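Visitor:
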Amino acid sequence: MTGLFSKIFATSAAIALTIPPALAESASQLTDINGSLGSDAEYQLQQRGFAHVSTNKNSMGYVYSYWWDEGDDDCVQVEVYDGRVMTINDASDQDCGHHKGGNTAAAVGVVAGAAILGALLSHKSNHHDDGNHYSSRDDEQYYDRGFTDGLHSAAYHNYDRSDAYSSGYSAGVRQRNANLSHHHGHGGYDRAAVYKDLTDARAAGGMSQLERRGFRQVDNFASGNTRYLIQWRPESRQCVQVTIADGHFYDLRDIGQHPKCR
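Counting with mature numbering (1 follows the signal peptide of the UniProt record, and there is no 0), you get residues -24 to -1, 1 to 238 for the letters of the sequence shown.
(1) What do you get for I64, buried or exposed, if any count of 16 or more other CB atoms within 10 angstroms of its CB means buried?
(2) Go ahead and pull the three-state DSSP assignment for H104.
(3) May I have the straight-line CA-CA distance separating V170 from R209, to the nearest angstrom?
(4) Provide the residue span of the alpha helix (DSSP H) that contains F123, from first to last.
(5) Which same chain residues end up closer than 8 Å to R121 when comparing Cβ atoms and leaving out the 5 residues on each side of it in sequence?
(6) Going by DSSP, what residue range makes up the beta strand (DSSP E) through D66?
(7) Comparing C-alpha positions only, which one of D105, L21 and V149 sits nearest to T124?
(8) Would you check if the region 45 to 63 and the region 21 to 29 touch, i.e. whether three or more CB-CB distances between them fall below 8 Å?
(9) Would L13 be called buried (16 or more neighbouring beta carbons within 10 Å of its own) or exposed?
(10) Can you name the start and end residues of the alpha helix (DSSP H) that E46 belongs to?
(11) To the nearest angstrom, report how far apart I231 and I206 are at their CA atoms.
Here's what the structure looks like:
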């Protein structure tokens, strides 16, 4: 019986080795994944030969992930909002950390520089306003330097007088704010109150929620059909301006200080 089992196992293994892996597809062949839950889309992409490379989230709540197929040299970008796939697009090789063209010596130089100075082209195509990288390698480097400075709160230092650096810096600041959206901007040991979840809430219900969370109204004023409330929470020193329009909380933001927030 043992010998028979060994033969069956060996035969099965040999058959498995002869079955070619599933070929990965370009974005145009992955449209059936649109609308899927993020976890289901991840499984489908892996089944089709893609491996996850990186993910970033912007301040609007959109999540962009990049997937690479080694066999086909194919990179795709998956855009997710509210837990579901919105679009799948072809992305550049550099979005997945791969670069075409150039000689071997140049490639080695880039890798060596990246190891010492940090990863080259750390930004992705979705960080650009038009969703595309620059065709100029120099502009891409200026943009990436600006992006890195903005992302890490470094001083604006555009010594090349480059528009690409300026655009990259703005994109880096936006990404930093998105990465820190969980942070309330206050240090220390006291827990800060959550309030951003009340955006779009009905004004009456939102006011009750703010009161339950420790806020008290210290000022209010109107401009046309829009009302502005100043809410103060002494325990965490949060001074929140609430904008009300059409009977709903249109915007809530911590303004840091106000003459009556004390």
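Heads up, the beta-carbon is just placed ideally off N, CA and C, and yes, glycines get one too.
This one's a predicted model, so the numbers in the text were calculated from it and none came from an experiment.
Guide: Reading from the atomic positions:
(1) buried
(2) coil
(3) 11 Å
(4) R113 to L127
(5) Y141 and G144
(6) R60 to D66
(7) V149
(8) yes
(9) exposed
(10) Where E46 is concerned, there is no enclosing alpha helix (DSSP H), given that its DSSP letter is neither H nor E.
(11) 9 Å
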